[in-house]
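What follows is one structure encoded as structure tokens, with my remarks underneath.
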Amino acid sequence: MGVFDEVPRLESSGIVTPAAATPGAKLFVVDLGKMRQEKIEPAELTPPYWRYLARLIRPFPDFDLFFVRHLRKRAVEKLRLAPGDRVLDAGCGPGGSFSNLQEAVAGAGLVVGVEISPEVVVNAQRRIQKHGWKNVHVVTANAENVSFDEKFDALLMMGAADIYASPAILANLVRYLRPGAHFAAFGAKFSRRIGAKLINPLFRFFVARASFASTPKVDFEPWRPLKDRSASFHIEEYFFGFMFLAWGELAPVEMPSLDGDPV
Ligand SMILES: C[S@@+](CC[C@H](N)C(=O)[O-])C[C@H]1O[C@@H](n2cnc3c(N)ncnc32)[C@H](O)[C@@H]1O
């Protein structure tokens, strides 16, 4: 069976993971809108290096980079999840954070990953299936126009610059987050350390190669769009100042609720 035989079809609407069909699971309405209209090929939804990596690690559903593990744990702690909470993992990739998230929300809670690349969703689904998690779902969708019929308590954006550095995507996601929801984001940034002046452009070049052409380029404060939407905002630097973890609370937004009433 070829890789694309396993890739969920983009024409299909609604939730893509089979786990969604489990009794009692809430149905999420996913709008594949843009992707469907433009008939984008699955391969185009995965930058080349990410595609090779996704295929390489596919036989190992629990694969994760060892140096990211403790950061995932810390990021999930910053979300302050309680049992029964619902959490959105935007740009979830192969689901490296699912284990921490589903532990934090416990059996009654819900973890929903949003991932644009159908190839990478295959990996995430394999992880879910391997562990038999009934409260972890992944939807194949662009976070910029994904829609849900429920609100979430927290938002994780781990290694997801496309999400945390995009005002348009954040504007869509906050519609599905309860006021004061906690967030955490981890990603690349320029370093201000001595000597980094020379390394920063090289670093940006390599990060860009592994990203979409549309991914906002690395700079000193890639978290700015996220900070603009925050009521509280905290930053920690890692790896000589080339990576950051940001967390806080989203500012309340005036907008109709999903039922049409103001929130
Ligand atoms: C560097 S990976 C990080 C994956 C995962 N969060 C982790 O910690 O391992 C970023 C992921 O975001 C996905 N992505 C990029 N833009 C997206 C968008 N607009 N909507 C949903 N997912 C997106 C990419 O396909 C990729 O899988």
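In my numbering, the protein residues as written are 61 to 323. We treat Cβ as the ideally placed atom computed from N, Cα and C, and that holds for glycine.
- Run the CB neighbour count on H294, radius 10 Å, all protein chains shown included, and call it buried at 16 or more, exposed below. Start at 1 with the first residue of the sequence shown, and residue 294 comes out as number 234. H294 is exposed by the Cβ-count criterion.
- Task: Determine the extent of the alpha helix (DSSP H) in which W110 is found, giving its start and end residues.
- Result: By one-based count along the sequence shown, residue 110 stands at place 50. Boundaries of the alpha helix (DSSP H) around W110: P108 to I117.
- Message: Given a cut-off of 9 Å on the beta-carbon distance, is the pair A150 and L305 in contact?
- Response: As a working note, residue 150 is residue 90 in the sequence shown. As a working note, residue 305 is residue 245 in the sequence shown. For A150 and L305, no; Cβs fall outside 9 Å.
- Query: F158 lies in the alpha helix (DSSP H); which residues open and close that run?
  - Reply: The residue given as residue 158 occupies position 98 in the sequence shown. F158: member of the alpha helix (DSSP H) spanning F158 to V165, first to last residue.
- For L139, which of helix, strand or coil comes out of DSSP? As a first step, residue 139 is located in the sequence shown; it is residue number 79 there, counting from the start. Coil at L139, not helix or strand.
- Query: What span of residues does the beta strand (DSSP E) with E175 cover, start to end?
  - Reply: On the sequence shown, residue 175 is found 115 positions in, with the first residue counted as 1. Membership of E175 in the beta strand (DSSP E) is indicated by the continuous run L170 to E175.
- For the segment 184-193 against the segment 201-212, are there 3 or more C-beta pairs whose distance is under 8 Å? Touching, no, given that fewer than three Cβ pairs across the two stretches are closer than 8 Å.
- CA nearest to the CA of L170, picked from H197, F302, E297 and R238: Taking the sequence shown and counting its residues from 1, the one referred to as residue 170 is at position 110. Checking every option, the nearest Cα to that of L170 belongs to H197.
- Message: Taking the alpha carbon of V313 as the reference point, which residue from D288, K138, P108 and L141 has its own alpha carbon closest?
- Response: If you number the sequence shown from 1, residue 313 lands on position 253. Out of D288, K138, P108 and L141, D288 has the C-alpha closest to the C-alpha of V313.
- Message: Taking its Cβ as the centre, do 16 or more other Cβ atoms sit within 10 Å of W307, making it buried, or is it exposed?
- Response: On the sequence shown, residue 307 is found 247 positions in, with the first residue counted as 1. Label assigned to W307: buried.
- Query: For S157, is the classification buried or exposed, using 16 other Cβ atoms within 10 angstroms of its Cβ as the cut-off for buried?
  - Reply: One-based indexing of the sequence shown puts residue 157 at position 97. Buried is the call here.
- Segments of 3+ residues assigned as beta strand (DSSP E) that fall wholly inside the segment 245-298: If we require 3 residues or more, the beta strand (DSSP E) runs fully inside the segment 245-298 come out as 290-298.
- Message: Rounded to whole angstroms, what is the Cα-Cα separation between A311 and L230?
- Response: In the sequence shown, counting from the first residue as 1, residue 311 sits at position 251. In the sequence shown, counting from the first residue as 1, residue 230 sits at position 170. The alpha-carbon atoms of A311 and L230 are separated by roughly 12 Å.
- Task: State yes or no: is the C-beta of G276 nearer than 8 Å to some heavy atom of ligand 1?
- Result: As a working mapping, residue 276 is identified with position 216 in the sequence shown. In the sequence as displayed, the identity of residue 276 is Pro instead of Gly. Closer than 8 Å to some heavy atom of ligand 1: that does not describe the Cβ of P276.
- Message: Using a Cβ-Cβ cutoff of less than 8 Å, which residues in the same chain neighbour A168 once the five nearest sequence positions on both sides are dropped?
- Response: Taking the sequence shown and counting its residues from 1, one reaches residue 168 at position 108. Answer for A168: P143, G144 and N195, listed in chain order.
- Item | Proximity below 9 Å, CB of M303 to CB of A248 | Your numbering for residue 303 matches position 243 in the sequence shown. Your numbering for residue 248 matches position 188 in the sequence shown. Yes.
- Item | For F212: DSSP bridge partner residues | Here residue 212 corresponds to residue number 152 of the sequence shown, with the count starting at 1. In the DSSP output, where bridge partners are listed per residue, F212 has L237.
- Would you say the beta carbon of V182 comes nearer than 8 Å to a heavy atom of ligand 1? Along the sequence shown, one-based indexing puts residue 182 at 122. V182: no, Cβ never under 8 Å from ligand 1.
- Message: Quick check: what's the CA-CA separation for L237 versus Q162?
- Response: Taking the first residue of the sequence shown as position 1, residue 237 is located at position 177. Taking the first residue of the sequence shown as position 1, residue 162 is located at position 102. C-alpha separation (whole angstroms): 18 Å.
- So, are the CB atoms of F243 and R264 less than 9 Å apart? Taking the first residue of the sequence shown as position 1, residue 243 is located at position 183. Taking the first residue of the sequence shown as position 1, residue 264 is located at position 204. The answer is no: Cβ separation not under 9 Å.
- Item | Check: W283 C-beta below 8 Å from any heavy atom of ligand 1 | As a first step, residue 283 is located in the sequence shown; it is residue number 223 there, counting from the start. No, the Cβ of W283 stays beyond 8 Å of every heavy atom of ligand 1.
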